[in-house]
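Remarks on the structure that follows.
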Amino acid sequence: MNRYWETTALGDMSRDQWEALCDGCGKCCLLKLEDEDTGQIALTNISCRLFDDATCRCASYDLRQHLVAGCVVLTPQNIAKNAHWMPDTCAYRRLSEGRKIPPWHPLITGDPSTTPTVRGHTVPEYEVDEEDFEDFIVETLA
Numbered sequence: 020m021n022r023y024w025e026t027t028a029l030g031d032m033s034r035d036q037w038e039a040l041c042d043g044c045g046k047c048c049l050l051k052l053e054d055e056d057t058g059q060i061a062l063t064n065i066s067c068r069l070f071d072d073a074t075c076r077c078a079s080y081d082l083r084q085h086l087v088a089g090c091v092v093l094t095p096q097n098i099a100k101n102a103h104w105m106p107d108t109c110a111y112r113r114l115s116e117g118r119k120i121p122p123w124h125p126l127i128t129g130d131p132s133t134t135p136t137v138r139g140h141t142v143p144e145y146e147v148d149e150e151d152f153e154d155f156i157v158e159t160l161a
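If you count by my numbering, then the sequence shown holds residues 20 to 161, one letter each, in order.
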């Protein structure tokens, strides 16, 4: 097994290598709330309007940034600035912070089904009033 993520800097990865770091958990497609006073980030189970809960993927991946205002497309150049918005298990975040990817990651196991996902646990953004977003917090990001 070529464990390229252990020897290749994020900025030196090919597009395919970079994309393969995504474990498919779906957490990056969930709405996050930031406490204005503390800066703490809370993860909700409210999914972006483009999120496909059945596949745990974006339904319009290539156009997501154009279709959804505020959608952040992670790149090696912006991951350090955006890592705090990602879950602690995220390979992009972990590698940018000098940590290893989780042992259940599909790059290690060879099996995408080993990833803990949000599949079946999300509520589409268009079904929730914005003033109720706080009622859907499921996790606080480190």
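Beta carbons: idealized from backbone N, C-alpha and C, even for Gly.
What are the partner residues of S66, as DSSP defines its beta bridges?
-> Residue 66 sits at position 47 when you count from the first residue of the sequence shown. For S66, DSSP records a beta bridge to L49, P143.
Boundaries (first-last residue) of the beta strand (DSSP E) holding I156 = As a working note, residue 156 is residue 137 in the sequence shown. For I156, the enclosing beta strand (DSSP E) covers residues 156-159.
Give me the Cβ distance between L164 and A61, rounded to the nearest whole Å; I'm assuming they're in contact under 8 Å.
-> No information on residue 164 is available, as it lies outside the stretch 20 to 161 that the chain covers here.
Taking contact to mean at least 3 C-beta pairs separated by less than 8 Å, is the stretch 80-99 in contact with the stretch 128-143?
-> no
On the premise that R76 lies in contact with G43, defined as a C-beta separation below 8 Å, what is that separation, rounded to the nearest angstrom?
-> Numbered from its first residue, the sequence shown carries residue 43 at position 24. Numbered from its first residue, the sequence shown carries residue 76 at position 57. Correct: roughly 7 Å between the Cβ atoms.
Uninterrupted beta strand (DSSP E) stretches inside the stretch 51-126 (no shorter than 3 residues) = 60-66
Simplified DSSP assignment, three categories, for T128 = Along the sequence shown, read from residue 1 onward, the residue named residue 128 stands at position 109. T128: helix per DSSP, three-state reduction.
Residues near F155 by beta carbon distance below 7 Å, same chain, minus five either side | Locating residue 155 in the sequence shown gives position 136, where the first residue counts as 1. Contacts found: T63, N64, I65, V142, V147.
Output the boundary residues of the alpha helix (DSSP H) element that contains R34.
-> Position 15 of the sequence shown, counting from 1, holds the residue named residue 34. Taken as a continuous stretch (DSSP letters only), the alpha helix (DSSP H) holding R34 covers 34-39.
With a Cβ-Cβ cutoff of 8 Å, do L29 and S115 count as a contact?
-> As a first step, residue 29 must be located in the sequence shown, where it is residue number 10. As a first step, residue 115 must be located in the sequence shown, where it is residue number 96. Taking 8 Å as the Cβ cut-off, L29 and S115 qualify as a contacting pair.
Environment of K46 [buried if 16+ CB atoms lie within 10 Å] | Within the sequence shown, numbered from 1, the residue matching residue 46 stands at position 27. Within 10 angstroms of the beta-carbon of K46 lie 16 or more other beta-carbons, which makes it buried.
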